[in-house]
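Visitor: Below you will find the structure I want to go over with you.
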Amino acid sequence: MTESDIDFAGAIPIQEGEFRKPIDELATLSETHPLLQSTASCHTLIRVNGQLNGYSIDRKMFDATKWNFADGPAGVNSDYGVETPFLVSSPTWDVEKRQSRIHPAVELGVLVRFPFESSVKRMTVSLSLSLCLTPYHWIIPADALLQPEL
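If you count the sequence shown from 1, position 13 lands on 12 in numbering that gives the first Met the number 0, and the numbers rise without skipping.
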C-alpha cells in the first residue's frame, strides 16, 4: 500500500467461524464459491464511457476475480423479473447467448447496492442469480470489525 495506490495480495476465507488458508488467486475458486461471488459483486464500480471506474481497492479486488462487469438493460430485465442496474458474470458466461459455455457458470444481477456506511461500518448488496426468484444479500463489514480484540 502506498499513499496513492493499493495492491491486492489475496483473501482469507472464514468458514465455520474460523480463518482458513489464504487464497492468493481468487480466480482459482469455484465460480459458485461465496468468497469469489461476493468479491465480484460487492463494490462501487460503474462504467463511464466504456471504462470501469471506482475506488482503487474495489477495482483491484474485482480484477482479481477475472469476472465480467456490464450495465443491466434499461427497465425490467426479463431474466430476473426486476431491474438489474449491473450484472457481473463468471468468465465462462456467454453474454451474447445469455447462457453458460460450461457448467457451472454464473451471472449475478445486482439489484441494489448500498454504499459503505461509516456509522455501521459495512456495505450491503442485494443480488439474484439469473433465472432465480429468490434474491440474496451480501453484507460486507469493515476489516476493523473482523479483527479480534487483544
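A virtual CB, placed ideally from N, CA and C, is assigned to each residue, including glycine.
Bear in mind that the values here come from a model prediction, so they are computed numbers and not experimental data.
1. Rounded to the nearest angstrom, what separates glutamate 17 and isoleucine 11 at their Cα positions?
2. Just grab the DSSP bridge partners of arginine 46 for me.
3. Near serine 89, what residues of its chain come up, given a Cβ to Cβ distance below 7 Å and the 5 sequence neighbours on each side ignored?
4. Would alanine 73 be called buried (16 or more neighbouring beta carbons within 10 Å of its own) or exposed?
5. What number of angstroms, rounded off, separates the C-alpha of glycine 53 from the C-alpha of threonine 43?
6. Here's the rule I'm using: 16 or more other beta-carbon atoms within 10 Å means buried, otherwise exposed. How should glutamine 146 be labelled?
7. In whole angstroms, what is the alpha-carbon distance linking phenylalanine 61 and tyrosine 79?
8. Relative to the C-alpha of alanine 69, which candidate in Phe7, Gln14 and Ile45 has its C-alpha closest?
9. At the level of alpha carbons, what is the spacing between valine 81 and cysteine 41?
10. Per DSSP, what are the beta-bridge partners of threonine 13 in this structure?
11. Considering only residues of the same chain and omitting the five flanking positions on each side of aspartate 4, which have a CB-CB separation below 8 Å?
12. If you draw a straight line from the alpha carbon of valine 47 to that of phenylalanine 7, how long is it in whole angstroms?
13. Using only CA atoms, which one of Asp93, Leu51 and Ser77 lies nearest to serine 127?
Guide: So, from the listed chains and residues:
1. Working through the sequence shown from its first residue, we reach residue 17 at position 18. Working through the sequence shown from its first residue, we reach residue 11 at position 12. Roughly 10 Å separates the two Cα atoms.
2. The residue labelled residue 46 in the question sits at position 47 within the sequence shown. In the DSSP assignment, arginine 46 is bridged to Leu51.
3. The sequence position of residue 89 within the sequence shown is 90, counting from 1. Once the five neighbours on either side are set aside, the close Cβ partners of serine 89 are Glu30, Trp66, Ala104 and Val105.
4. The residue given as residue 73 occupies position 74 in the sequence shown. Under this definition alanine 73 is an exposed residue.
5. Numbered from its first residue, the sequence shown carries residue 53 at position 54. Numbered from its first residue, the sequence shown carries residue 43 at position 44. Glycine 53 and threonine 43: Cα-Cα distance of roughly 6 Å.
6. What you label residue 146 is simply residue 147 of the sequence shown in a count that begins at 1. Per-residue confidence for glutamine 146 stands at a pLDDT of 43, beneath the threshold of 50, marking its modelled position as unreliable; the derived number appears in the next sentence. Residue environment for glutamine 146: exposed (fewer than 16 other C-beta atoms within 10 angstroms of its C-beta).
7. For this step, residue 61 is matched to residue 62 along the sequence shown. For this step, residue 79 is matched to residue 80 along the sequence shown. Distance between the alpha carbons of phenylalanine 61 and tyrosine 79 is about 23 Å.
8. Mapped onto the sequence shown, residue 69 falls at position 70. Ranking the options by Cα distance to alanine 69, first place goes to Ile45.
9. If you number the sequence shown from 1, residue 81 lands on position 82. If you number the sequence shown from 1, residue 41 lands on position 42. Going by the C-alpha atoms only, they are around 19 Å apart.
10. What you label residue 13 is simply residue 14 of the sequence shown in a count that begins at 1. In the sequence as presented, threonine is not what sits at residue 13; that position holds isoleucine. DSSP lists Phe18 as partners of isoleucine 13.
11. Taking the sequence shown and counting its residues from 1, one reaches residue 4 at position 5. Here the set comprises Ser55.
12. The sequence position of residue 47 within the sequence shown is 48, counting from 1. The sequence position of residue 7 within the sequence shown is 8, counting from 1. Straight-line Cα distance between these residues: approximately 23 Å.
13. The sequence position of residue 127 within the sequence shown is 128, counting from 1. A check of alpha carbon separations from serine 127 across Asp93, Leu51 and Ser77 identifies Ser77 as the nearest.
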